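Asks: Heads up, the sequence shown stops at 303 in this note's numbering, and the numbers go up one at a time, no gaps.
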Amino acid sequence: VQLQASGGGLVQPGGSLRLSCAASGSINVMGWYRQAPGKQRELVAVITSGSITNYADSVKGRFTISRDNAKNTAYLQMNSLKPEDTAVYYCYARRTVISIVHEYWGQGTQVTVSS
């Protein structure tokens, strides 16, 4: 499975951005992690094929993850962005085949929140 991410860029504090991640095959779980300079990679949000979601506390109420199963694509709508949201965002996908978990990562996309 390959992941193709798009979106990201430079936005002022309080602004919005939308990330997309398209998978080349069927996926159980899709989402995003992020990594800021000097910090470990952390979960941002994930969504299952049944639309069960999980968010990092730091983004709850500001970010919304959704997906289109027919297109194997997930979206991350980021509102009320803060400078501390600045990071490289990585698309993530996971599927289980015959009890074996396979994880996939897309290329990172830079999100910069600055005035």
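Even glycine gets a Cβ: it sits at the ideal position worked out from N, Cα and C.
These numbers come from a predicted model, not from an experiment.
Among C279, S268, V247, S214, whose alpha-carbon lies nearest the alpha-carbon of A258?
Replies: As a first step, residue 258 is located in the sequence shown; it is residue number 70 there, counting from the start. It is S214 whose Cα lies nearest to the Cα of A258.
Asks: Does DSSP classify S194 as helix, strand or coil?
Replies: Here residue 194 is taken as the residue at index 6 of the sequence shown, counted from 1. DSSP places S194 in strand when its eight states are reduced to three.
Asks: Our contact map puts Y263 next to L207 with C-beta atoms below 8 Å; I'd like the distance itself, whole angstroms only.
Replies: Within the sequence shown, the letter at position 75 stands for residue 263. Within the sequence shown, the letter at position 19 stands for residue 207. About 7 Å; that satisfies the 8 Å criterion.
Asks: How is A244 classed by DSSP in three states: helix, strand or coil?
Replies: By 1-based counting over the sequence shown, the position of residue 244 is 56. Looking at A244 - three-state DSSP - the assignment turns out to be coil, as it is neither helix nor strand.
Asks: When burial is assigned at 16 or more other CB atoms within 10 Å of the CB, is K253 buried or exposed?
Replies: Translated into positions along the sequence shown, residue 253 becomes position 65. It is Ile, not Lys, that sits at residue 253 in the sequence shown. Buried: at least 16 other Cβ atoms inside 10 Å.
Asks: Cutting at 6 Å between CB atoms, please list the residues of its own chain near T265, excluding the five before and the five after it.
Replies: The residue labelled residue 265 in the question sits at position 77 within the sequence shown. Note that residue 265 corresponds to Gln in the displayed sequence, not to Thr. Around Q265: R206, T252.
Asks: Whole angstroms is fine: what's the gap from G196's alpha carbon to Y292's?
Replies: Within the sequence shown, the letter at position 8 stands for residue 196. Within the sequence shown, the letter at position 104 stands for residue 292. Their backbone Cα atoms lie some 20 Å apart in a straight line.
Asks: Near V189, what residues of its chain come up, given a Cβ to Cβ distance below 8 Å and the 5 sequence neighbours on each side ignored?
Replies: Counted from its first residue, the sequence shown places residue 189 at position 1. Cβ neighbours of V189 beyond the five flanking positions: A211, S212, G213, I215, A281, R283, H290, Y292.
Asks: Throw me the rounded Cβ distance for the N267 and S204 pair, which I believe falls under 8 Å.
Replies: By one-based count along the sequence shown, residue 267 stands at place 79. By one-based count along the sequence shown, residue 204 stands at place 16. Yes, they are in contact, since the Cβ atoms of N267 and S204 sit about 5 Å apart, within 8 Å.
Asks: Taking DSSP as the reference, what is the three-state secondary structure of A224?
Replies: Start at 1 with the first residue of the sequence shown, and residue 224 comes out as number 36. It is coil, neither helix nor strand.
Asks: Give the straight-line distance between the Cα atoms of G238 and G219, rounded to the nearest whole angstrom.
Replies: Walking along the sequence shown from the start, residue 238 turns up at place 50. Walking along the sequence shown from the start, residue 219 turns up at place 31. Whole-angstrom Cα-Cα distance: 13 Å.
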